[in-house]
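Novice: If you're matching them up, the sequences are chains A and B in order.
All residue numbers for the first sequence refer to this note's numbering, where the first residue is 1 and numbers rise by one.
All residue numbers for the second sequence refer to this note's numbering, where the first residue is 1001 and numbers rise by one.
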Amino acid sequence: MRKFLSLLKKEEMALFTSPIAYVVMAVYLIVMGYTFTLTLFMSHSPTLVHMFFQIYVMFLLTVPIITMRLIAEERRLGTLEMLLTSPVTELAVVMAKYLASLSLVVLLLVLSSAYAIALAIFGAPDWGPIYSGYLGLFLLGGALVSVGLMTSSLVSNQLIAALLSLSLFLLLWIIDHFGWVLPDPFNAFFVNLSLLVHFTPFATGSLFLSDAGYFISMALLGLFFTVRALAQR
Amino acid sequence: MPQPEIVVVDKLVKRYGPRLAVRGVSFTIREGEIVGLLGPNGSGKSTTLRILTGYLPPTAGSARIVGFDIWEHSLAIRNYVGYVPEDAPLYDGMRVIEFLRFMAEIKGLSGRAVGNAVVSVCDRLSLGRLAGMAIGKLSRGYRQRVAIAQALLNDPPILILDEPTNALDAYQVIGIRELIRSLAGRCTVVVASHVLTEIAKVATRVMILRDGNLLTDDAVTSGGGTPRYRLLARGPQPAVLAALRNVPGVAAAAVHADAAASPELATYLVEIASRPEAAEDLARAVVGNGFALLELTQEKPDLEQVFLELTRRADEAIAA
């Protein structure tokens, strides 16, 4: 456990001493502030549904930037060789990187809670959809970070890792559009692969175990393949 | 009594797709040895070392370190091996002390042991005044020292260094060489290099790899033809020479040209078939015939000649 905590500390330091984390936070807050103000003045209703969909898009675009360097950079610099010839398991290395990146995603969610607090002070929001929306975003973030980590483990070029995960995310965003035009039973298969189809219920205040299962399965699969990629060198 | 075998490699094979990088390499390393792994670039040195450190799995064959199979007990053997990869890869954004503390912690040290180990390696490698510096700002020589320092943090019984003097200037090379020599007796060291002179200066035994084949596991004794001894003896030269030539296995005996001027005290060069008691027989031949023996040393063959001879033989074998 002590070794794992050291790995986690090192990853947190690497993340929060790099400019990437701060650039991501700054862009995120600017876009979110703009969206919150605009939707509040347009709709005059104390809801965060529009915000949640905006954060969903922001996650698709920023998670590849957060995760691209995690393993690709270590592979390119050769530090991965030193790390993996130390007495630590591949699982510990992967989980430390995963949790460190997830902590930034959680920080972004915590920062966006300022809008919920503002609604609570100046209005009477329905808290159910807000709680479910944040839960959905947390699960989405966990799944995306895992897939981003996996693509970073497959290549040694950060840019390619980012483009790979971005392409995957965009494909999973729009894959339900292909599903709707396909015959049965292929339509259900492709529709159920969609990120948006599983995120929408969370954002609108409905909780389904299948939606949570989708994001958790994606996170576990991503972590599994990342560990396998490291174990295979 | 010979030291126990700490590394045992048996018919090790590594294949990268269609290319065979290591072709059935077998050797053993005894505790306390400083072994040089010599070979041109692409000869399979780094791959062999990466297999020994548990970083790469072998395609076939086996290797054991302190009795553990390197792949089955990969995690366990990493506690026994300190490894410095080629080009000293380090985290440039970390300070030296942060990096060493991090490495000490993931090597299983805790509490005060972390601080003590870091202070100890900083002292041994003269890194004390650089402890607060960012690694990215260090010179190549100091980066190499930091990389070696992290490998020594938990006092491993085996230290593996891959091309430790690569791209260093002459002063830095001398520093690293002295450092490796200073480790003699403290741990077993395996040094890989393509620079023949470097290996010759630090290693007690030299293995030569070429195209994934191990040409010899001891270039000094097996590759240089007949072993040669140098004796300083007092006595009539013809009589001493005759006594030496009577020793079984002696191929040639002659008076060394530099010392030939003195009729009584002379240096003799003797080539004798390789066997453990050769030196004893030579000493007995001199002393037993009533002459005084002042010095007896085995001359190491020129490693460059050995390397050329072995690679020539390998080329001939391939051509045949």
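No residue lacks a Cβ here, since even glycine has one placed at the ideal position from N, Cα and C.
With 8 Å set as the bound, which would you pick, yes or no: does the beta-carbon of glutamate 81 of chain A sit closer than that to a beta-carbon of chain B?
Specialist: Yes, because at least one Cβ of chain B sits closer than 8 Å to the Cβ of glutamate 81 of chain A.
Novice: Quick one: using the 10 Å Cβ neighbour count with 16 as the cut-off for buried, is aspartate 184 of chain A buried or exposed?
Specialist: Per the 10 Å Cβ criterion, exposed.
Novice: Name the DSSP beta bridge partners of isoleucine 1318 of chain B, please?
Specialist: According to DSSP, which records beta bridges pairwise, isoleucine 1318 of chain B is partnered with nothing at all.
Novice: Confirm, please, whether the CB-CB distance from alanine 1273 of chain B to alanine 1251 of chain B is below 8 Å.
Specialist: Yes, these two residues count as a Cβ contact at 8 Å.
Novice: Cβ closer than 7 Å: which chain B residues qualify as neighbours of arginine 2 of chain A?
Specialist: Under the 7 Å cutoff, chain B gives Glu1105 and Ser1110.
Novice: Among B/Arg1140, B/Ala1184, B/Ser1262 and B/Met1133, which has the Cα closest to the Cα of arginine 1205 of chain B?
Specialist: For the residues B/Arg1140, B/Ala1184, B/Ser1262 and B/Met1133, the minimum Cα distance to arginine 1205 of chain B belongs to B/Ala1184.
Novice: Return helix, strand or coil for leucine 1161 of chain B, following the three-state DSSP convention.
Specialist: The answer is strand: DSSP assigns leucine 1161 of chain B an E or B state.
Novice: Do we get a CB-CB distance below 8 Å when we pair threonine 1311 of chain B with the residues of chain A?
Specialist: Threonine 1311 of chain B does not count as touching chain A.
Novice: Got a sec: which bits of the segment 86–101 of chain A sit with their beta carbon under 7 Å from any beta carbon on chain B, in order along the chain?
Specialist: Taking 7 Å as the Cβ-Cβ cut-off against chain B, the residues of the segment 86–101 of chain A that qualify are Ser86, Pro87, Val88 and Thr89.
Novice: For the candidate residues A/Phe190, A/Ala229, A/Pro125 and A/Leu223, whose alpha-carbon lies nearest to that of leucine 154 of chain A?
Specialist: Leucine 154 of chain A has its Cα closest to that of A/Ala229, out of A/Phe190, A/Ala229, A/Pro125 and A/Leu223.
Novice: Assuming leucine 1056 of chain B and lysine 1014 of chain B make a contact with CB atoms under 8 Å, what is their CB distance in whole Å?
Specialist: That pair is a contact at about 7 Å.
Novice: Should leucine 1159 of chain B be flagged as near chain A, meaning a C-beta pair shorter than 8 Å?
Specialist: Chain A, which has no Cβ nearer than 8 Å to the Cβ of leucine 1159 of chain B, makes this no.
Novice: Suppose only complete runs of 4+ residues qualify. What are the alpha helix (DSSP H) ranges in the segment 1186–1247 of chain B, listed by chain order?
Specialist: As far as the segment 1186–1247 of chain B is concerned, its whole alpha helix (DSSP H) runs of at least 4 residues are 1196–1202, 1219–1222 and 1237–1245.
Novice: Could you tell me if glutamate 1264 of chain B is buried or exposed, where buried requires 16 or more neighbouring beta carbons within 10 angstroms of its beta carbon?
Specialist: Classification for glutamate 1264 of chain B: exposed.
Novice: Starting from lysine 1107 of chain B and walking both ways along the alpha helix (DSSP H), at which residues does that stretch end?
Specialist: Note, lysine 1107 of chain B: premise wrong, no alpha helix (DSSP H); not H, not E.
Novice: Aspartate 1087 of chain B touches chain A at which residues, Cβ-Cβ below 7 Å?
Specialist: Within 7 Å Cβ-Cβ: Gly78.
Novice: Can you give the Cα-Cα distance for arginine 1234 of chain B and alanine 1170 of chain B, rounded to whole angstroms?
Specialist: The straight-line gap from Cα to Cα measures roughly 42 Å.
Novice: Residue range of the beta strand (DSSP E) that aspartate 1010 of chain B falls in?
Specialist: From DSSP, the beta strand (DSSP E) with aspartate 1010 of chain B extends over 1005–1016.
Novice: Could you tell me whether the Cβ of leucine 1012 of chain B comes closer than 8 Å to any Cβ of chain A?
Specialist: It does not: the Cβ of leucine 1012 of chain B has no partner Cβ on chain A nearer than 8 Å.
Novice: Considering only C-alpha positions, which residue in the set B/Asp1092, B/Lys1201 and B/Ala1239 is nearest to methionine 1133 of chain B?
Specialist: Out of B/Asp1092, B/Lys1201 and B/Ala1239, B/Asp1092 has the C-alpha closest to the C-alpha of methionine 1133 of chain B.
Novice: Under 8 Å, do glycine 1042 of chain B and proline 1156 of chain B count as touching if we go by C-beta distance?
Specialist: Contact flag unset, no.
Novice: Does any residue of chain B have a CB that is nearer than 8 Å to the CB of serine 6 of chain A?
Specialist: Yes - at least one Cβ of chain B is within 8 Å of the one on serine 6 of chain A.
Novice: Under 8 Å between C-beta atoms, does phenylalanine 1102 of chain B make it to chain A?
Specialist: Closer than 8 Å to some Cβ of chain A, the Cβ of phenylalanine 1102 of chain B qualifies, so yes.
Novice: Does any CB atom of chain A fall closer than 8 Å to the CB of arginine 1078 of chain B?
Specialist: Chain A contact via Cβ: present.
Novice: Here's the rule: buried if 16 or more other CB atoms are within 10 angstroms of the residue's CB, otherwise exposed. What is isoleucine 1158 of chain B?
Specialist: The residue is buried, with at least 16 neighbouring Cβ atoms inside 10 Å.
Novice: What is the DSSP secondary structure of alanine 1088 of chain B, reduced to helix, strand or coil?
Specialist: Coil at alanine 1088 of chain B, not helix or strand.
Novice: Is it buried or exposed, phenylalanine 1102 of chain B, if we count other Cβ atoms within 10 angstroms and call 16 or more buried?
Specialist: Burial call: buried.
Novice: Check whether the Cβ of leucine 1090 of chain B lies closer than 8 Å to any Cβ atom in chain A.
Specialist: Yes - at least one Cβ of chain A is within 8 Å of the one on leucine 1090 of chain B.
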